[in-house]
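Letter 38 of the sequence shown, counting from 1, is numbered 32 in our numbering, and no numbers are missing. Note that the Cβ used here is the ideal one computed from N, Cα and C, for glycine as well. Here's the structure, in structure tokens; my notes come after.
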Amino acid sequence: MAPPRCACWLLRFLLLQLALLLPCSCLASTHQTAAGGEAALLLKIKSLWGDPPALAAWNASAAGVYCDWPRVGCDTAGRVANLTLASAGITGLFPNAIGNLSALTYLNLFNNSIFGAFPTALYRCTSIQYLDLSYNNLTGELPPDMGRSLGENLTTLVLDDNLFSGAIPPSLGSLKGLQTLCLSDNPFDAGELPASFKNLVNLTIFCAGNCNLVGEFPSSVLEMVELELLDLFNNALTGSIPPRLWSLRKLQILNLSYNNFTGDVVVDDASREKYRRPSPVCRRCGT
């Protein structure tokens, strides 16, 4: 029986709240026609995915108002900036055509059946800020250059619950603007977190549970001074939990369960009070 996952519930809640804050797609028709070629791109993407029922309203007869199509949001110039395609019943490869949406800032493909390798077509989306590919069937090794190629604007990268293997790319440490990074539940090769992760000092959410992490508690995490949620659940980490962990004063939710830590846990009085009260999310899953 799999152990309960508390942090993932909270992560999904926080990401949903962010999505609700994004601008709506209600734009004037003059803006919608300014980038009419993007309607053709969306129709191509829909076709490559086998015309899923959730995208039935995407059709050529309404191409002039593509910014009003469900799950599409546009910027003030009428360019596609937001694709919210979570749980859309999508099956198939990731279309290269998405990389031609040059103004794309937000892409959510959570909980579909997309397969194949990590989509390097996204490297062309230089404005991308939010990327969620979690709960799909993506396979293979993450590209070693992905951290340098995804662009400096990226603040959210969620890749959990796929089938990624190989090493966790050290280049992810180049994404210094990241605030959320989730890699959990991927069958990576056994190894330590890259030392370059010490550069991710703006992270508020970091999830690397069930990632085959080995070695002692990763010292790079101790440099993530903005952390509010840390999940290193179900790895093979050894040694002691460093007392310096409690100096991360913004940390509210911590999951180090199902590892091989030993020794005493030394917590100062202020930190003991902070972690004494579980969040409502964790109470729901029984911890």
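Do residue j and residue i have their beta-carbon atoms positioned less than 8 Å apart in this structure?
i      : j      : result
Glu43  : Ile84  : Before going on, a small fix: residue 43 reads as Trp here, not Glu. Yes.
Val215 : Gly185 : no
Gly86  : Ala115 : no
Leu125 : Thr150 : yes
Ala80  : Leu103 : yes
Lys306 : Asn147 : With the chain running from -5 to 281 in the structure shown, residue 306 is simply not present.
Pro164 : Ser190 : yes
Gly286 : Asp183 : Residue 286 falls outside the range modelled here, since the chain spans only -5 to 281, and no answer is possible.
Pro66  : Leu36  : Position check: residue 66 holds Val in this sequence, whereas Pro was assumed. For Val66 and Leu36, yes; Cβs fall inside 8 Å.
Leu223 : Ile247 : yes
Phe255 : Leu221 : no
Leu101 : Leu77  : yes
Ala75  : Cys68  : yes
Leu239 : Asn253 : no
Cys205 : Leu177 : yes
Can you tell me where the alpha helix (DSSP H) with residue i in it begins and where it stops?
i      : result
Ile39  : Gly31 to Leu42
Gly233 : Counting along the chain, Gly233 falls outside any alpha helix (DSSP H), though it belongs to the beta strand (DSSP E) covering Ala230 to Gly233.
Ser159 : Element bounds for Ser159: not the alpha helix (DSSP H) but the beta strand (DSSP E), Leu157 to Ser159.
Return the Cβ separation of residue i and residue j in integer angstroms, given the expectation that the two are a contact with Cβ distance under 8 Å.
i      : j      : result
Phe112 : Pro137 : 6 Å
Leu197 : Gln173 : 6 Å
Ser234 : Gly257 : 4 Å
Leu95  : Glu32  : 7 Å
Pro46  : Ala82  : 6 Å
Val195 : Glu210 : So it is not a contact: roughly 21 Å between Cβ atoms.
Ile122 : Pro89  : No, Ile122 and Pro89 are not in contact; Cβ-Cβ is about 15 Å, not under 8 Å.
Pro286 : Val260 : What the structure shows of the chain is the stretch from -5 to 281, and residue 286 is not part of that stretch, so it cannot be assessed.
Ile162 : Pro181 : That belief does not hold up - the Cβ atoms of Ile162 and Pro181 are roughly 12 Å apart, past 8 Å.
Arg142 : Ser168 : 5 Å
Check for me: the beta strand (DSSP E) holding residue i runs from which residue to which?
i      : result
Gly209 : Val208 to Glu210
Gly110 : Ser107 to Gly110
Gly134 : Asn131 to Glu135
Gly86  : Thr85 to Leu87
Gly141 : Gly141 -> not in any beta strand (DSSP E); alpha helix (DSSP H) instead, spanning Met140 to Ser143.
Cys61  : Element bounds for Cys61: n/a, residue is neither H nor E.
Val152 : Thr150 to Val152
Asn53  : Careful: Asn53 lies outside any beta strand (DSSP E) and carries neither H nor E.
Leu223 : Leu223 to Asp225
Val74  : Val74 to Thr78
Leu250 : No beta strand (DSSP E) holds Leu250; DSSP gives it neither H nor E.
Leu125 : Tyr124 to Asp126
Tyr100 : Tyr100 to Asn102
The region 124 to 134 in contact with the region 142 to 158 per 3-pair CB rule at 8 Å: yes
Ranges of the beta strand (DSSP E) found wholly within the region 177 to 213, counting only runs of at least 3: 199 to 201 and 208 to 210
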